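**Q**
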Amino acid sequence: MLAAFSKLVYKICQKCMSVLNILHYPDSRLRIKAKPVTTIDGSIQKLVDDMLETMYQAPGIGLAATQVDVHLQVIVIDISEDKSDPLVLINPKIIAQDGVEKSDEGCLSVPEIYEPIERAEHVVVQSQTLEGGEIEIEAHDILAICIQHEMDHLIGKLFVDYLSEMKRNRISKKLLKAQKLNATV
Ligand code: ZN
14 MLAAFSKLVY KICQKCMSVL NILHYPDSRL RIKAKPVTTI DGSIQKLVDD MLETMYQAPG
74 IGLAATQVDV HLQVIVIDIS EDKSDPLVLI NPKIIAQDGV EKSDEGCLSV PEIYEPIERA
134 EHVVVQSQTL EGGEIEIEAH DILAICIQHE MDHLIGKLFV DYLSEMKRNR ISKKLLKAQK
194 LNATV
């Protein structure tokens, strides 16, 4: 009886669980260019919900659809400390940028690697909302960096692409080794 009940609870939880699998570098699917979202419907809402859950569980502060093998221009970001301020970007475009800032970046698709990367310190982004409207976001510092990092994913670019080929190869080898180990355990 108890076993049957646990099984039922497990089944229900499995149904509501929507943590997606995150692709890891050097997976070639991370190089696919995302297409613009043409219709913002229930499937996009579900994708955003799943992406937020995946990002919060990882945990991370940003996730692009490319990283969960969905090649649509959708990004979720939350830089708040208590995961209370999700930002959803659909078909985002950077319309202005200036300043330079160098800071350590990491990526859920490049686990446990952190390298200093140079980005614009300030960006203005135009984006569609889940409700079908349009917003303009003015971002500085970490939010600006995060937006640029996630938008790179949508064009198949990773932060390791800014590093030297030698460094990138070293990271690639390290991650492939870790992936093989994970696969055999
Ligand atoms: Zn990333």
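Residue 14 is where the sequence shown starts when you use the working numbering, and the numbers rise one by one after that.
Think of the CB as a built atom: it goes at the ideal place given N, C-alpha and C, for glycine as much as any other residue.
A quick note: this is a predicted structure, and the numbers were derived from the prediction, not measured.
1) What would DSSP say about I74, mapped onto helix, strand or coil?
2) Would you kindly report the start and end of the unbroken alpha helix (DSSP H) that includes L167?
3) Alpha carbon to alpha carbon, how far is L76 from M68? Give it in angstroms, no decimals.
4) Are the CB atoms of I184 and V173 within a distance shorter than 7 Å?
5) Grouping DSSP H, G and I as helix and E and B as strand, with all else coil, what is M139?
6) I need the boundaries of the beta strand (DSSP E) containing R132, first residue and last residue.
7) Looking at the ligand ZN, does it come within less than 6 Å of C159, judged from the CB to the closest heavy atom?
8) Would you call the segment 133-152 and the segment 76-85 touching, i.e. three or more CB-CB distances under 8 Å?
9) If I measure Cβ to Cβ from A71 and keep anything under 6 Å in the same chain, skipping five residues before and after, which residues do I get?
10) What are the boundary residues of the beta strand (DSSP E) that N195 is part of?
11) Under three-state DSSP, which class holds G55?
12) When you measure from the CB of S116 to every non-hydrogen atom of the ligand ZN, does any distance come out below 6 Å?
13) Terminal residues of the continuous beta strand (DSSP E) containing G119?
14) For the beta strand (DSSP E) containing Q110, name the first residue and the last one.
15) Which residue from E178, A157, D95 and A47 puts its Cα closest to that of Q139?
16) Could you check where the beta strand (DSSP E) with I90 kicks off and where it finishes?
17) Take V101 as the anchor and find which of V137, D62, S56 and D154 has the nearest alpha-carbon.
18) Quick check on the burial criterion: 16 or more other C-beta atoms within 10 angstroms. Buried or exposed for E118?
**A** Let me lay it out:
1) coil
2) In the DSSP assignment, L167 falls within the unbroken alpha helix (DSSP H) covering D154 to L167.
3) 6 Å
4) Yes. Within cutoff.
5) It should be noted that the sequence gives Gln, not Met, for residue 139. Q139 falls in the strand class under three-state DSSP.
6) V123 to R132
7) no
8) Fewer than three pairs of CB atoms, one per stretch, sit closer than 8 Å, so the segment 133-152 makes no contact with the segment 76-85.
9) L121
10) No beta strand (DSSP E) holds N195; the alpha helix (DSSP H) holding it covers E178 to T197.
11) helix
12) No.
13) E114 to C120
14) L100 to D111
15) A157
16) For I90, the enclosing beta strand (DSSP E) has its first and last residue at V87 to I90.
17) Nearest C-alpha to V101: D62.
18) buried
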